[in-house]
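Novice:
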Amino acid sequence: MTEQKRSEIESEMKKTGKSAEEVILGKGITSEDVIFRAKSELIKIPLKKVSADEIPLEILEIIPEDPTSNYKIVPLSKNGNVVEMGMVYPESVPAQDALRFLSRQGNFKYEVSLITLSDFNKLLKQHKTLKSETKKALEEIQKGKRGTNEVEEFMKEAAPEPGVIDEDAPIKKMVFAILGHALEGNASDVHIEPGKDKLRIRYRVDNILYSSLFLPLSVHASIVARIKILANLKIDENRVPQDGRFSSKLAGKDIDFRVATYPTLYGEKVAIRILDPSQGLKSYEDLGLRGRNLEIIKNAIQKPYGMILATGPTGSGKTTTLYALLRFLNNDSVNIVTIEDPIEYSIGGLNQSQVNPEIGYTFAEGLREILRQDPNIIMVGEIRDEETANLATHASLTGHIVLSTLHTNSSVGVIPRLVDMGVRSFLIPYTLSVVISQRLVRVLCPYCKAKTVPAEKIKNYILQSVKNMPAWIKKEIKLGENFSVFEPKGCEKCNFKGYAGRVGLYEVLSMTDDLAELILKDTSEGAILKLAKKQGMLTMEEEGLLKVLNGETTVEEITRATEEK
7 MTEQKRSEIE
17 SEMKKTGKSA
27 EEVILGKGIT
37 SEDVIFRAKS
47 ELIKIPLKKV
57 SADEIPLEIL
67 EIIPEDPTSN
77 YKIVPLSKNG
87 NVVEMGMVYP
97 ESVPAQDALR
107 FLSRQGNFKY
117 EVSLITLSDF
127 NKLLKQHKTL
137 KSETKKALEE
147 IQKGKRGTNE
157 VEEFMKEAAP
167 EPGVIDEDAP
177 IKKMVFAILG
187 HALEGNASDV
197 HIEPGKDKLR
207 IRYRVDNILY
217 SSLFLPLSVH
227 ASIVARIKIL
237 ANLKIDENRV
247 PQDGRFSSKL
257 AGKDIDFRVA
267 TYPTLYGEKV
277 AIRILDPSQG
287 LKSYEDLGLR
297 GRNLEIIKNA
307 IQKPYGMILA
317 TGPTGSGKTT
327 TLYALLRFLN
337 NDSVNIVTIE
347 DPIEYSIGGL
357 NQSQVNPEIG
367 YTFAEGLREI
377 LRQDPNIIMV
387 GEIRDEETAN
397 LATHASLTGH
407 IVLSTLHTNS
417 SVGVIPRLVD
427 MGVRSFLIPY
437 TLSVVISQRL
447 VRVLCPYCKA
457 KTVPAEKIKN
467 YILQSVKNMP
477 AWIKKEIKLG
487 ENFSVFEPKG
497 CEKCNFKGYA
507 GRVGLYEVLS
517 MTDDLAELIL
527 KDTSEGAILK
537 LAKKQGMLTM
547 EEEGLLKVLN
557 GETTVEEITR
567 ATEEK
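Using our numbering, you'd call the opening residue of the sequence shown number 7 and step up by one each time.
1) Strictly by DSSP, which residues pair up with Thr-270?
2) Taking buried to mean at least 16 other C-beta atoms within 10 Å of its own C-beta, is Thr-122 buried or exposed?
3) Closest by CA to Ile-464, which one among Val-429, Leu-515, Glu-562, Asn-337?
4) Can you list, in chain order, the stretches of the alpha helix (DSSP H) that have 4 or more residues and sit fully within the segment 281-305?
5) Around the C-beta of Arg-106, are 16 or more other C-beta atoms found within 10 angstroms, so that it is buried, or is it exposed?
6) Taking the C-alpha atoms as reference points, what is the distance between Phe-502 and Ser-402?
7) For a quick check, are the C-beta atoms of Pro-348 and Gln-358 less than 8 angstroms apart?
8) Secondary structure at Ile-345, three-state DSSP: helix, strand or coil?
9) Considering only their Cβ atoms, is the gap separating Leu-219 from Ile-207 smaller than 8 angstroms?
10) Starting from the Cα of Asp-519, find the closest Cα among Glu-531, Ala-538, Ile-229 and give me that residue.
11) Under 8 angstroms Cβ to Cβ from Leu-293, same chain only, skipping five residues before and after it: list those, please.
12) Does the Cβ of Ser-75 have 16 or more other Cβ atoms within 10 Å, making it buried, or fewer, making it exposed?
13) Please go through the same chain and pick out, in chain order, the residues whose beta-carbon is closer than 7 angstroms to the beta-carbon of Glu-558, but skip the five residues on each side of it.
14) When the distance is taken between beta carbons, is Met-427 closer than 8 angstroms to Ala-398?
15) Does the distance from the CB of Leu-223 to the CB of Asp-203 come in under 8 angstroms?
16) Should Ile-302 be labelled buried (16 or more other beta-carbon atoms within 10 Å of its own) or exposed?
17) Which one or two residues does DSSP pair with Val-265 in a beta bridge?
18) At the level of alpha carbons, what is the spacing between Ile-69 and Pro-100?
19) Does DSSP put His-226 in a helix, a strand or coil?
20) Taking the alpha helix (DSSP H) that His-187 belongs to, which residues open and close that run?
21) Taking just the CA atoms, how far does Gly-201 sit from Glu-569?
22) What's the C-alpha gap between Ile-171 and Asp-195?
23) Quick one: using the 10 Å Cβ neighbour count with 16 as the cut-off for buried, is Asp-262 buried or exposed?
24) With a threshold of 16 other CB atoms inside 10 Å of the CB of Ser-339, please say whether the residue is buried or exposed.
25) In three-state DSSP terms, what is His-197?
26) Whether or not the segment 540-560 and the segment 481-499 are in contact is what I'm after, with contact meaning three or more pairs of Cβ atoms, one per stretch, closer than 8 angstroms; do they touch?
27) Distance check for Glu-375 and Glu-346, CA to CA, integer angstroms please.
28) Distance cutoff 8 angstroms, beta carbons only. Does Ser-402 sit that close to anything in chain D?
29) Span of the beta strand (DSSP E) holding Gln-358?
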């Protein structure tokens with residue numbers, strides 16, 4: 007740094023009262039990461055990257071808000087009586103004095119980590135709304151502003167239309183903030199869970215649950231009542247589970263929320279699924295369907311009839327895949343009718359219906375009625391029993407495209423499963439077109455993923471796996487002796503997780519003449535897998551390794567996902 011630059015920085019520090027870091031960042035002289043790494047080495051305090059949504063509210067509240075803001079000190083974690091404190095300016099004598107005083111007052115010991123200014127600001131911003139609204143709600147409750155009959159009070163507060171979120175009252179604001187934080191963090195689910203002495207709020211991001219907030223139990227009943235009003239549920243019934251949904255505009259988007267309540271030992275647990283059409287209705291490329299797998303599926307849906315089944319565990323993206331196929335098939339010349347449980351996304355041009363077992367409207371009954379609606383394409387949310395399996399098979403046999411899901415661990419497991427459900431084996435070759443088995447893995451953040459030479463164990467695993475892949479794909483893989491893979495690092499864009507979003511791993515089994523002949527003789531998984539691999543099918547693990555070599559994900563993610571089988 008030149009003497010002139012140094013002089014300019016010192017002058018602005020005196021004039022504005024800002025720190026050297028703030029002035030340098032404001033002038034864009036260098037990046038925050040470079041500044042704080044250098045500072046960490048200089049003062050011998052480790053630099054820690056932190057994510058706002060991973061630090062519970064109860065940890066942040068170990069010290070009051072004023073010293074937190076004034077001295078840029080924030081609690082990060084607690085282990086027994088030792089609190090890890092994040093400091094932006096650990097070299098500051100007043101900040102150190104304040105921390106010693108706070109530790110004596112709070113009767114705890116502490117260890118210091120260096121954190122960046124932007125991380126500090128994000129931590130405060132992430133929790134500020136919920137902290138203030140929680141306090142306001144508690145104050146109103148304590149002052150007796152609410153009547154003793156909570157149900158009546160919340161009915162008065164309810165919006166004229168169920169599902170409309172407004173920000174007039176403290177509890178409404180709190181619910182609004184909880185859902186808003188979930189949307190900002192790209193969460194797929196919100197879990198509101200009462201415990202013995204506190205209320206836990208958890209968010210599921212990229213299929214992993216994070217504890218984000220801990221609130222007083224005293225607001226639990228109020229929050230649940232508000233959510234029930236939004237979802238048009240019975241707010242005076244807490245002994246049995248209830249399901250509902252509502253829609254609202256948040257962050258400029260029309261979002262659907264699916265609500266499920268469940269009675270537990272300490273009160274009602276609420277799970278809220280966030281259904282963002284911009285996230286749920288994806289293209290083939292976004293799903294991760296490419297190459298040979300995509301060509302097989304495209305060929306299957308261009309036929310005038312045939313059954314296309316998606317299989318995998320709950321939460322593996324089966325319905326999202328079927329929606330992508332429906333969007334491709336959807337046009338004015340065809341009649342598409344669905345029966346779902348529940349309807350996840352509303353798609354224009356489709357006739358979507360939801361099952362209602364309480365009145366006898368099941369998948370089987372709905373499918374029977376669909377056939378009277380002159381459909382070209384039918385989607386059945388799930389094949390759960392023998393009756394539905396046989397009806398779907400016969401619908402395919404009589405000239406319809408049928409899309410559905412089935413719970414099996416692999417694509418080759420679908421055929422013996424259908425036989426177990428009572429479908430005649432000789433019908434399967436004439437009705438089943440394609441089976442898509444899938445899992446979801448996290449995608450490396452494109453902004454911070456780092457190229458690295460794999461460890462010897464991983465290197466040997468990849469080389470051996472490639473060696474066993476079908477001949478057609480081995481020709482496309484160019485691996486030198488010292489090939490590279492990518493690993494997660496973490497940056498502001500991904501909240502220092504190293505991953506951003508998810509993509510599918512697919513195992514696509516196509517009905518061929520050879521497979522049809524085999525099914526008439528042998529429907530065991532082993533025999534079908536042997537033939538499928540001989541015909542060039544990639545297993546999910548192999549398809550995942552292609553995504554590893556392409557820099558999309560990691561071997562650890564592939565192993566985690568495929569071990570679910």
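Using N, Cα and C, we set each Cβ at its ideal position, and we do this for glycine too. On a predicted model such as this, the values are computed, not experimentally measured, just so you know.
Specialist: Based on what the coordinates show:
1) Within the sequence shown, residue 270 is the residue found at index 264, counting from 1. Per DSSP, the beta bridge partners of Thr-270 are Gly-273.
2) Counting from 1 along the sequence shown, the entry for residue 122 is found at position 116. With 16 or more other CB atoms across the displayed protein chains lying within 10 angstroms of its CB, Thr-122 is buried.
3) Counting from 1 along the sequence shown, the entry for residue 464 is found at position 458. Minimum Cα distance to Ile-464 is reached at Glu-562.
4) If you keep only unbroken alpha helix (DSSP H) runs of at least 4 residues inside the segment 281-305, you get 283-286, 290-293.
5) For the purposes of this step, residue 106 is taken as residue 100 along the sequence shown, with counting starting at 1. It counts as exposed.
6) Locating residue 502 in the sequence shown gives position 496, counting from the first residue. Locating residue 402 in the sequence shown gives position 396, counting from the first residue. Cα-Cα distance, rounded: 48 angstroms.
7) Counting from 1 along the sequence shown, the entry for residue 348 is found at position 342. Counting from 1 along the sequence shown, the entry for residue 358 is found at position 352. It is not a contact, given that the beta carbons lie outside the stated cut-off.
8) Mapped onto the sequence shown, residue 345 falls at position 339. Per DSSP, reduced to three states, the secondary structure at Ile-345 is strand.
9) As a position in the sequence shown, residue 207 is number 201, starting the count at 1. As a position in the sequence shown, residue 219 is number 213, starting the count at 1. The answer is yes: Cβ separation under 8 angstroms.
10) Here residue 519 refers to the residue found at position 513 when the sequence shown is read from its first residue. It is Ala-538 whose Cα lies nearest to the Cα of Asp-519.
11) Mapped onto the sequence shown, residue 293 falls at position 287. Around Leu-293: Gly-323, Thr-326, Thr-327, Ala-330, Val-509, Gly-510.
12) Within the sequence shown, numbered from 1, the residue matching residue 75 stands at position 69. By the Cβ-count criterion, Ser-75 is exposed, with fewer than 16 other Cβ atoms from all chains shown falling within 10 Å of its own Cβ.
13) To locate residue 558, count along the sequence shown from 1; it is residue 552. For Glu-558, the CB contacts under 7 angstroms within the same chain, skipping 5 residues up- and downstream, are Val-449, Leu-450, Val-509 in chain order.
14) Reading the sequence shown from its first residue, position 392 is the one you call residue 398. Reading the sequence shown from its first residue, position 421 is the one you call residue 427. Met-427 is positioned such that its CB atom lies no closer than 8 angstroms to that of Ala-398.
15) The sequence position of residue 223 within the sequence shown is 217, counting from 1. The sequence position of residue 203 within the sequence shown is 197, counting from 1. A contact, by the Cβ cut-off of 8 angstroms.
16) Position 296 of the sequence shown, counted from the start, is the residue given in the question as residue 302. Buried, because 16 or more other Cβ atoms sit within 10 Å of the Cβ of Ile-302.
17) Within the sequence shown, numbered from 1, the residue matching residue 265 stands at position 259. Paired residues: Gly-250, Ile-278.
18) To locate residue 69, count along the sequence shown from 1; it is residue 63. To locate residue 100, count along the sequence shown from 1; it is residue 94. C-alpha separation (whole angstroms): 16 angstroms.
19) What you label residue 226 is simply residue 220 of the sequence shown in a count that begins at 1. Helix at His-226.
20) Walking along the sequence shown from the start, residue 187 turns up at place 181. Element bounds for His-187: 176-190.
21) In the sequence shown, residue 569 corresponds to position 563, counting from 1. In the sequence shown, residue 201 corresponds to position 195, counting from 1. For Glu-569 and Gly-201, the distance between alpha carbons rounds to 32 angstroms.
22) Residue 171 sits at position 165 when you count from the first residue of the sequence shown. Residue 195 sits at position 189 when you count from the first residue of the sequence shown. Confidence at Ile-171 is low in this model, with a pLDDT of 45, below 50, so the placement of that residue is unreliable and no value is reported for it.
23) Reading the sequence shown from its first residue, position 256 is the one you call residue 262. Counting other Cβ atoms within 10 Å of its Cβ, Asp-262 reaches 16 or more and is therefore classed as buried.
24) Along the sequence shown, one-based indexing puts residue 339 at 333. Around the beta carbon of Ser-339, fewer than 16 other beta carbons lie within 10 angstroms, which makes this residue exposed.
25) As a first step, residue 197 is located in the sequence shown; it is residue number 191 there, counting from the start. Shown here, His-197 sits in a strand according to DSSP, grouped into three states.
26) Three or more Cβ pairs drawn from the segment 481-499 and the segment 540-560 lie within less than 8 angstroms of each other, which places the two stretches in contact.
27) On the sequence shown, position 340 is the one that residue 346 refers to. On the sequence shown, position 369 is the one that residue 375 refers to. Rounded to whole angstroms, Glu-346 to Glu-375 spans 14 angstroms at the Cα level.
28) Absent here is chain D; the protein component of the structure consists of one chain.
29) Here the question's residue 358 lines up with position 352 in the sequence shown. Segment 357-360, the beta strand (DSSP E) holding Gln-358.
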